[in-house]
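For the protein sequence lines, the chains are W and C, in the order given. Here the numbering used here is used: the first residue of the first sequence is 199, the next is one more, and so on. Here the numbering used here is used: the first residue of the second sequence is 1367, the next is one more, and so on. Backbone N, C-alpha and C define an ideal beta-carbon position, used for all residues, glycine too. Below: the structure, in structure tokens.
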Amino acid sequence: MGERKVTVAAEVGLHARPAATFVQRAMKAPMDITVAKMNSAKAPVSGKSILAIMALDVRQGETVVISAEGEGSEELLDELAEIAGTP
Amino acid sequence: MGVSPGIGHGPAYVMTVSVPEPPEGATYTGEADQEKERAMAALRQVAGELESRGNQAGGEAAEILKAQALMAEDPGLVVKMRTLIDRGLAAPRAVFEAFTKYRDVLAGSGGYLGERAADLNDIRDRVIAVLYGQAMPGLRGAPAEPYVLVARDLAPADTALLAKGQIAAFVTEEGGPTSHTAILARAMGVPAVVACRGATGIPNGVRVMADGTSGGVRVEPDESAVADAVSAARARQAALSSATGPGRTVDGHRVPLLANVGGPSELEAAVAAGAEGIGLYRTEFLFLDRAEPPSLEEQVRAYRAAVEAFPGGKVIVRTLDGGADKPLAFLPSSAAASAEPNPELGERGLRRLRRFPEVMDAQLSALAAVASEDLMVMAPMVATGEEAGWFARACRARGLTGVGVMIEIPSAALRARDLLASVDFVSIGTNDLAQYAFAADRRLGAVSTLQDPWQPALLDLVAMTLSAASEAGKPCGICGESAADPAMACVLVGLGASTLSMGAGALAAVRAALAAHTLAQCRLAADAARARTTAAEARAAARAHLPGLDHLGL
């Protein structure tokens, strides 16, 4: 399973609008995608659920782990990492 | 009550905020699959409408609305809702409970994320309204013509997407002269009537005319009535625009007329309206909706833009007024619970900043970086001379020279002399001063008569402060909404106000009112008002000494 570790740069964290951009991309992918907060007890959540991602409460400067598996997942992970890391 | 002048007419658009909670344990008859499809169709409809409205709005609003559209069709939410329907719950109740689950998670996080809980409530209400076949709450489309927005009350979040061209007038059931609706309407230059009982009973689409001067609202007015009202309003506008130049009485007593400005976007309107400077620059716009305070550079840019907009004019910047109705993620309340039980009486304004000195230090440093003799700084919510002294020392340690405090708490008005001992000027915020003097929440329509700036007790507190400033030989301005009332503006000048600051839309009327009277008339009007015992009598008595108001149609 592929994964990327990304530090969230957006001022409002991975909430609302940044999360929306992320989810819009994730929803186009056929495979499951998960997002987890580094060093957190919270379980990974679906990368296609904006509410679940928002509920992770990822703040600016915190790191998330994005995981996906299957054909095209490496390119997808690169794109998602880019989105999550955009200020 | 008219709170923003002008005549507005158009079809009513009623924002229903009361979507009922579907009864607990409500069940359905028929197949689970059909019930699920019914719920899904409602979710899709709401998501589609949010999305298309986002596309129409463009810009930042588009991003917000698209995020909301995603929330409406969130897969986690859908799974939860389907499960609840499988257990026998009817679609509206299943929607309600599924949203509530996420809402509670977000609300529990507080701060920025907590505020998103309101977004979810909004989406939930829309979906339930669709399921019940009700009119959609609060959706704003691109109308064929400007509409009259009717609501119980409008929160800042409700109005974030409104554009001046869309709205002919605001009519709300709640609110008073200082409610958000009133302030927003004046900033937009849109007529508004508040505290209008029964307004939300107006059917959607029915034509309505609102007179933001008299407070009158007419349902289905005939065309000639609309034409008459509009032409009278035009004539009035023409009379007002005859007065130009800096603020002064007809006999030449100078009273600089300044603007209250809530952010960089309002600077242009203030300059265009002929403001001679800024009497109240609210800095909250830099801080709201953020997880971290703004950087020094960002603050410096914002303050410099304000100073540069008014070459040679004074710019009074108010330090961050957090707390109460302006919660900030990085300035959390100290109360054990996440919310203060009575935030208006809690740790807000300067009180909050004293507990977060690094935030105030950063703001004062940014102000010091653009310091000039035209830039002045004042603190909100100061109650005692000791607090004023503390703030003044912090400012002076950074080399800031024009240092002042707001007078908006009765204790500060009563002992204005003590506050003036350590600062260079004071400025009276009449909205909060009335709120605290009368123990009357400024957002509550039920007590709005106590918010009337003509209340003799408020006039006394203002007069007391002005005379203390005069004795100290220091200026005292007015930056509350009362300065926007032309008759009251004359009274304030009669009481000795050195400057008046108001929303840009009110400047023309106040300038014309002052230019139509002598300083002696203003003093007589002030004395007459203070001699009365009710707000209505005080206002009538003052007007009797201000004959120019009638000529101007004010």
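Assuming G1764(C) contacts L1730(C) (C-beta within less than 8 Å), just tell me the rounded distance between them. It should be noted that the sequence gives Arg, not Gly, for residue 1764(C). Between L1730(C) and R1764(C) the Cβ distance is about 5 Å, and since that is below 8 Å, they are a contact.
Any idea which residues DSSP pairs K235(W) with across the strands? V262(W).
Span separating the alpha-carbon of G1768(C) from that of D1740(C): The straight-line gap from Cα to Cα measures roughly 8 Å.
Hey, quick one: how far does the alpha helix (DSSP H) through H1917(C) stretch, first residue to last? G1914 to L1918 is the extent of the alpha helix (DSSP H) around H1917(C).
Ordered list of beta strand (DSSP E) runs contained in the stretch 1661 to 1747 of chain C, each at least 3 residues: Along the length of the stretch 1661 to 1747 of chain C, whole beta strand (DSSP E) runs at least 3 residues long occupy 1681 to 1684 and 1741 to 1745, reported in chain order.
I want to know whether the stretch 1389 to 1406 of chain C touches the stretch 1454 to 1471 of chain C - three or more CB-CB distances under 8 Å. Contact between the stretch 1389 to 1406 of chain C and the stretch 1454 to 1471 of chain C is present: 3 or more CB-CB pairs across the two stretches fall below 8 Å.
Residues, ordered as in the chain, of the stretch 241 to 255 of chain W that lie near chain C by beta-carbon distance below 7 Å: So the close ones are S244, K246, S247, I248, L249, A250, M252, A253 and D255.
Straight-line gap, A1695(C) to P1660(C) (C-alpha atoms, nearest Å): Counting only the Cα atoms, P1660(C) lies some 12 Å from A1695(C).
Which class does F1462(C) belong to by DSSP, given the choice of helix, strand or coil? Helix at F1462(C).
Kindly list, in the order they appear in chain C, the residues whose Cβ is closer than 9 Å to that of V263(W). Within chain C, no residue comes near V263(W); the closest Cβ sits about 19 Å away, beyond 9 Å.
So G1871(C) and A1599(C) are in contact, right, with Cβ under 8 Å, and what is the actual spacing, rounded? So it is not a contact: roughly 14 Å between Cβ atoms.
Is V233(W) close to chain C, meaning its C-beta is less than 8 Å from at least one C-beta of that chain? Cβ-Cβ to chain C under 8 Å: no for V233(W).
Report all residues from its chain with a CB closer than 7 Å to the CB of V1596(C); omit the five preceding and five following residues, and keep chain order. Same-chain partners within the cutoff: I1373.
When the Cα of E1837(C) is compared with those of R1783(C), P1709(C) and L1885(C), which residue comes out closest? Comparing Cα positions, the closest option is R1783(C).
My understanding is that G1846(C) touches G1770(C), with C-beta atoms under 8 Å, so please give their C-beta distance in whole angstroms. For G1846(C) against G1770(C), the beta-carbon gap comes to about 15 Å, at or over 8 Å, which does not count as contact.
Check whether the Cβ of A1523(C) lies closer than 8 Å to any Cβ atom in chain W. Confidence at A1523(C) is low in this model, with a pLDDT of 45, below 50, so the placement of that residue is unreliable and no value is reported for it.
Could you tell me the alpha carbon to alpha carbon distance between A1853(C) and L1880(C), rounded to whole angstroms? In this structure, the alpha-carbon of A1853(C) lies about 9 Å from that of L1880(C).
So, for L1431(C): in the same chain, excluding its five sequence neighbours on each side, which residues have a beta-carbon less than 6 Å away from its beta-carbon? Apart from sequence neighbours up to five positions away, the residues of its chain that approach L1431(C) with a beta-carbon distance below 6 Å are L1416, R1419 and G1420, ordered along the chain.
Tell me, please, whether the CB atom of I1844(C) is closer than 8 Å to any CB atom in chain W? No, I1844(C) does not count as interfacial toward chain W.
Let me see if you follow: with CB-CB separation under 8 Å, is G283(W) close to chain C or not? No, because no Cβ of chain C sits closer than 8 Å to the Cβ of G283(W).
Hey, quick one: how far does the alpha helix (DSSP H) through I1451(C) stretch, first residue to last? Counting along the chain, the alpha helix (DSSP H) containing I1451(C) begins and ends at P1441 to D1452.
Could you pull out every residue in the same chain whose Cβ sits closer than 6 Å to the Cβ of T1579(C), ignoring the five residues on either side in sequence? Correct list, in chain order: G1368 and P1371.
Using a C-beta to C-beta distance shorter than 7 Å, which residues of chain C count as neighbours of A207(W)? Listed along chain C, no residue sits closer than 7 Å to A207(W) by beta-carbon distance, the nearest being about 12 Å off.
Could you work out which residues of chain C lie near V204(W), taking near to mean beta carbons separated by less than 9 Å? The premise fails here: V204(W) is roughly 17 Å from chain C at the closest Cβ pair, so nothing lies under 9 Å.
Could you say which of K1680(C), A1690(C), V1616(C) and A1433(C) lies nearest to D1798(C) if we only look at CA atoms? It is A1690(C).
Is the stretch 1681 to 1688 of chain C close to the stretch 1646 to 1660 of chain C, with three or more CB pairs under 8 Å? Proximity of the stretch 1681 to 1688 of chain C to the stretch 1646 to 1660 of chain C meets the contact definition, three or more beta-carbon pairs being nearer than 8 Å.
Among R1448(C), R1410(C), A1779(C) and G1581(C), whose alpha-carbon lies nearest the alpha-carbon of M1747(C)? The residue with the shortest Cα to Cα distance from M1747(C) is A1779(C).
Could you name the residues of the same chain whose beta carbon sits closer than 8 Å to that of G1869(C), not counting the 5 residues immediately before and after it, in chain order? Closer than 8 Å at Cβ, skipping near neighbours: I1549, R1552, A1553, A1625, N1626, E1847 and A1850.
Count the C-beta pairs between the stretch 1632 to 1648 of chain C and the stretch 1668 to 1677 of chain C that are closer than 8 Å, then say yes if the count reaches three, no if not. Result yes; three or more Cβ-Cβ pairs closer than 8 Å.
Would you report the Cα separation of A1800(C) and A208(W), rounded to the nearest angstrom? Whole-angstrom Cα-Cα distance: 41 Å.
Secondary structure at P1620(C), three-state DSSP: helix, strand or coil? As written in the sequence, residue 1620(C) is Arg, which differs from the Pro given in the question. For R1620(C), the three-state secondary structure derived from DSSP is strand.
So, at 7 Å on beta carbons, what are the nonlocal neighbours of A1703(C) in its own chain, with the 5 sequence-adjacent residues on each side left out? Reliability of the predicted coordinates at A1703(C) is poor, the pLDDT of 45 falling under 50, and no value is obtained from them.
The stretch 1558 to 1577 of chain C in contact with the stretch 1529 to 1543 of chain C per 3-pair CB rule at 8 Å: Yes: at least three Cβ pairs fall under 8 Å.
Span of the beta strand (DSSP E) around P285(W): Per DSSP, P285(W) lies in no beta strand (DSSP E) segment and is marked neither H nor E.
What are the boundary residues of the beta strand (DSSP E) that includes P242(W)? Segment: none, P242(W) is in no beta strand (DSSP E) and carries neither H nor E.
Taking the alpha-carbon positions, what's the R1490(C) to G1582(C) distance? Rounded to the nearest whole angstrom, the C-alpha separation of R1490(C) and G1582(C) is 35 Å.
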